[in-house]
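Participant: Under the working numbering, the sequence shown has 153 at position 159, and the numbering climbs by one with no breaks. Every residue gets a Cβ at the ideal spot worked out from N, C-alpha and C, and that includes glycine. Just so it is clear, the structure is predicted and the values come from calculations on it, not from any experiment.
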Amino acid sequence: MAPGWSVSKKGVKLGMTSRAAIILAGGKGVRIGNTAKAFLHLNEKTLIELMLETIQPLVDRVIVVIGRNDSMEKFREKIPLSIDILRDRGKREGTLVGLLNGLNRSESEYSLVLPCDSPFINKEVLELLFTEALEVDAAIPQWTNGFIEPLHSVYKTDEARQGARRALKNGIKVSGMIERLKVVRYVPIEDIRKIDNELLTFTNINTLGDLRKALRIYARLLAR
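1) With a cut-off of 8 Å, do at least 3 Cβ pairs link the stretch 186 to 194 to the stretch 114 to 121?
2) To the nearest angstrom, how far is it from the Cα of SER112 to the Cα of LEU145?
3) Flag this pair as touching only if the stretch 194 to 202 and the stretch 169 to 182 have three or more C-beta atom pairs under 8 Å; answer yes or no.
4) Report the start-end ranges of each alpha helix (DSSP H) in the stretch 153 to 178 that is 4 residues or longer and not cut off at the edges.
5) Secondary structure at LYS207, three-state DSSP: helix, strand or coil?
6) Does ALA108 come out as helix, strand or coil in the three-state DSSP assignment?
7) CA-CA distance, THR40 and ASP82?
8) Return helix, strand or coil for LEU52, following the three-state DSSP convention.
9) By Cβ distance, which residues of its chain are closer than 8 Å to ASN164, with the 5 residues on each side in sequence left out?
10) For LEU34, does the three-state DSSP call read helix, strand or coil?
11) If you run the structure through DSSP and keep just helix, strand and coil, what is LEU8?
12) I need the straight-line Cα distance from ILE42 to ALA32, nearest angstrom please.
13) Below 9 Å between beta carbons: does that hold for SER102 and ARG206?
14) Which word fits LYS68, buried or exposed, when buried means at least 16 other C-beta atoms lie within 10 angstroms of its C-beta?
15) Can we say the stretch 148 to 161 touches the stretch 88 to 106, given the rule of at least three CB pairs closer than 8 Å?
16) Hey, how far is the Cα of SER105 from the Cα of GLY203?
17) When burial is assigned at 16 or more other CB atoms within 10 Å of the CB, is PHE141 buried or exposed?
18) Can you tell me which of the three DSSP states THR138 falls into?
19) Where does the unbroken beta strand (DSSP E) through ILE16 begin, and where does it stop?
20) Cutting at 6 Å between CB atoms, please list the residues of its own chain near LEU94, excluding the five before and the five after it.
21) Relative to the alpha-carbon of ILE166, which residue among ALA127, LYS72 and GLY92 has its alpha-carbon at the smallest distance?
22) So is MET66 buried or exposed if we call it buried at 16+ other beta carbons inside 10 Å?
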């Protein structure tokens, strides 16, 4: 092993943890009564609690990014002190702004990016994405119609940070960051389906109808 390298439970690292997770939890759901999605309940647990249960064993550090008008105290009630909560600052808002804030805080070689409203994340899918991200700038799931899932992806932190900074000079779209990455590996959705047959990993809760559907799925999963 080369001088300066050390080993963590997640693999080899050089002066930094190898894996971080950035959860984008800012803002409120307009179509769910302006309620913060992170605090929606599936039975007795909030979405943010379910996300953390899945993600924490897979990474060395978790960073939760909240909106500048969100209550730090309310988030801290649900999130352990060992997890960073980062508030968006500045005049600009948007997903890319929050993502860059998380990337700026991350000291890991690779950063997993997820929204807070995907309660059925599959651990094996995340492991696949981390593996696919090795030696490239990003591993991004891609549907058969060409659509991609940039907020269910793994990025090489330094490259994504630089790409996000450049992209923000011309707009606030995450696609602008991806366009500035040199090597992106698009992971076919069918490869993910082999692990997550129903593709529940990509479940999002944007409406009350979505929430009712998620409650049914959660009940079914608990009954297994």
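Facilitator: Let's see:
1) Here the stretch 186 to 194 lies against the stretch 114 to 121, with 3 or more beta-carbon pairs under 8 Å apart.
2) Between the C-alpha atoms of SER112 and LEU145 there is a straight-line separation of about 10 Å.
3) No, the stretch 194 to 202 is not in contact with the stretch 169 to 182.
4) Listed in chain order, the alpha helix (DSSP H) elements of length 4 or more contained wholly in the stretch 153 to 178 are 168 to 173.
5) Looking at LYS207 - three-state DSSP - the assignment turns out to be helix.
6) It is Leu, not Ala, that sits at residue 108 in the sequence shown. DSSP places LEU108 in the strand class (E or B) of the three-state scheme.
7) So the alpha carbons of these two residues sit roughly 22 Å apart.
8) Looking at LEU52 - three-state DSSP - the assignment turns out to be helix.
9) Contacts found: GLY170.
10) LEU34: coil per DSSP, three-state reduction.
11) At LEU8 the pLDDT is 39, less than 50, meaning the model places this residue with poor confidence; the figure from the coordinates comes in the next sentence. Strand, per DSSP.
12) Taking the straight line from one Cα to the other gives about 5 Å.
13) No. Outside cutoff.
14) The residue is exposed, with fewer than 16 neighbouring Cβ atoms inside 10 Å.
15) Segments in contact, yes.
16) Each residue's Cα considered, the two are about 31 Å apart.
17) By the neighbour-count rule (16 or more Cβ atoms within 10 Å), PHE141 is not buried but exposed.
18) Coil.
19) In the DSSP assignment, ILE16 falls within the unbroken beta strand (DSSP E) covering 13 to 18.
20) Apart from the 5 residues on each side of it in sequence, LEU94 sits with its Cβ closer than 6 Å to the Cβ of ALA158 in its chain, given in chain order.
21) For the residues ALA127, LYS72 and GLY92, the minimum Cα distance to ILE166 belongs to GLY92.
22) With fewer than 16 other Cβ atoms within 10 Å, it is exposed.
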